[in-house]
DNA sequence: AATTGTTTATGACGCTCGTTATAGCCTACG
DNA sequence: CGTAGGCTATAACGAGCGTCATAAACAATT
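Chains as they are written, first to last, in my numbering: chain F, 4 to 197; chain P, 4 to 197.
Here it is in structure tokens:
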């Protein structure tokens, strides 16, 4: 058996996350997902035997972990720094893609899974949302915010960012994201100086 | 020529909005969209000769106008009343559908349209977002909020509501929507008493 | 009743979907 | 150096896709 990490498997996941955040899950075919990373179709079902749902779930977790790591690192400098990094991440995604890419987690969250398969992907999306909220919430508590207020504010931040990214795409305008940025920062400032 | 409004056409649009908000646009086939309202497939292309994109755009506008009318009516009693009605609308949608339905406008906004067709649907989504923001913003200005602050806060409200509805679906939990409700209300109160 | 135009019914078109199967390739270990 | 097992290549399966064409059914006006 091979000891080394298979490189193709990760490349497929990365490509899948990139395609899903642009076209959505139902809008991305398994063939496209494979071709997007240069992998053959057969490899897709070799690495992800449960098919499209499994690949989507892993893509969601991959994109989620990426943002989670950025968040963890920057939150060490405080919740405002974490927020800024989180916002910058999505700002770059939207701008770099010329308003064609959004958040793959959100893309999966707004699609009802087919009746026959078990909904791995949307469950993964829920976990990613909770992970982001948990990190933000803990950081707010560390700076003196009340636990319930910290949790609620963390939810507001994630919801507003996700919603505004979608609005930016539709309008082809980065303003929604920038408009919420200043307001969320003020809210966090107020919560930690109480 | 017939003077009366065709009933089937509107029924198709209503059914399309209902299916899109659950499965997304790419996840809804033209046959399903027709069948969902009891209409034959042929009628779809009779009423919407530009095909799926046109039908989706009209479904988005229909759902958008529905919320717009609720918003217009309730905003007469002030921005907080408008916000409450807006939140209640989406709360009911999510609850009544047992967390399988969200906002059709958001569903369309997160999907890149195919290369060959012109993107009617996502343009309609952008207009709906702007209409909602415009109503909220005007109501805030009427109560004394500064114009720039009113516009930014309106964007935050729409973004947070859209994002939290998606989070509710993924988590199968209404809490995200309720958590942002109280915070948005406080923000509006603060903005109009300045 | 005849006529006109709108709506429905039906079937087909070429293509693509998710998934599976199988035969060959390649690499790492014995 | 042989051989076993992970990976790739390729083709196929039935089903379903968006769209179009055409003819029958219908409604409303002469």
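Glycine included, every Cβ here is placed at the ideal spot set by N, Cα and C.
Beta-carbon proximity check, residue i vs residue j, cutoff 7 angstroms
i, j, result
"residue 27(F)", "residue 127(F)", "no"
"residue 74(F)", "residue 85(F)", "yes"
"residue 158(F)", "residue 182(P)", "yes"
"residue 30(F)", "residue 114(P)", "yes"
"residue 138(F)", "residue 82(F)", "no"
"residue 77(P)", "residue 88(P)", "yes"
"residue 163(P)", "residue 105(F)", "no"
"residue 17(P)", "residue 42(P)", "no"
"residue 204(F)", "residue 161(F)", "Nothing can be reported for residue 204(F): it is not among the residues displayed for chain F, which extend from 4 to 197."
"residue 120(P)", "residue 140(P)", "no"
"residue 10(F)", "residue 50(F)", "no"
Buried versus exposed, by CB contacts within 10 Å (16 or more), residue i
i, result
"residue 69(P)", "exposed"
"residue 56(P)", "buried"
"residue 107(F)", "buried"
"residue 23(F)", "buried"
"residue 44(F)", "exposed"
"residue 185(P)", "exposed"
"residue 4(P)", "Per-residue confidence for residue 4(P) stands at a pLDDT of 38, beneath the threshold of 50, marking its modelled position as unreliable; no derived number is given."
"residue 99(P)", "exposed"
"residue 118(F)", "exposed"
Min CB distance residue i to chain P below 7 angstroms
i, result
"residue 166(F)", "yes"
"residue 6(F)", "The predicted position of residue 6(F) is uncertain, since its pLDDT is 35 and thus under 50; no value can be drawn from it."
"residue 158(F)", "yes"
"residue 189(F)", "no"
"residue 13(F)", "no"
"residue 151(F)", "no"
Spatial neighbours of residue i in its chain, beta-carbon cut-off 7 angstroms, leaving aside the 5 residues before and after
i, result
"residue 112(F)", "125 and 128"
"residue 6(P)", "At residue 6(P), the pLDDT of 35 sits below 50, so the modelled position is not reliable and the matter cannot be decided from this model."
Below-7 angstroms beta-carbon distance, residue i vs any chain F residue
i, result
"residue 119(P)", "no"
"residue 63(P)", "no"
"residue 3(P)", "An answer regarding residue 3(P) cannot be provided, because it is not within the stretch 4 to 197 covered by chain P."
"residue 132(P)", "yes"
"residue 23(P)", "no"
"residue 174(P)", "yes"
8 angstroms CB neighbourhood of residue i in its chain, flanking five on each side removed
i, result
"residue 122(F)", "56 and 116"
Residues near residue i by beta carbon distance below 6 angstroms, same chain, minus five either side
i, result
"residue 19(P)", "36, 58 and 62"
Complete alpha helix (DSSP H) runs within the region 6–45 of chain F (minimum length 4 residues, chain order)
10–26 and 33–39
Where in the region 112–170 of chain F do unbroken runs of the beta strand (DSSP E), each at least 3 residues long, occur, reported from the N-terminal end onward?
none
Ranges of the alpha helix (DSSP H) found wholly within the region 45–105 of chain P, counting only runs of at least 4:
55–78 and 82–99
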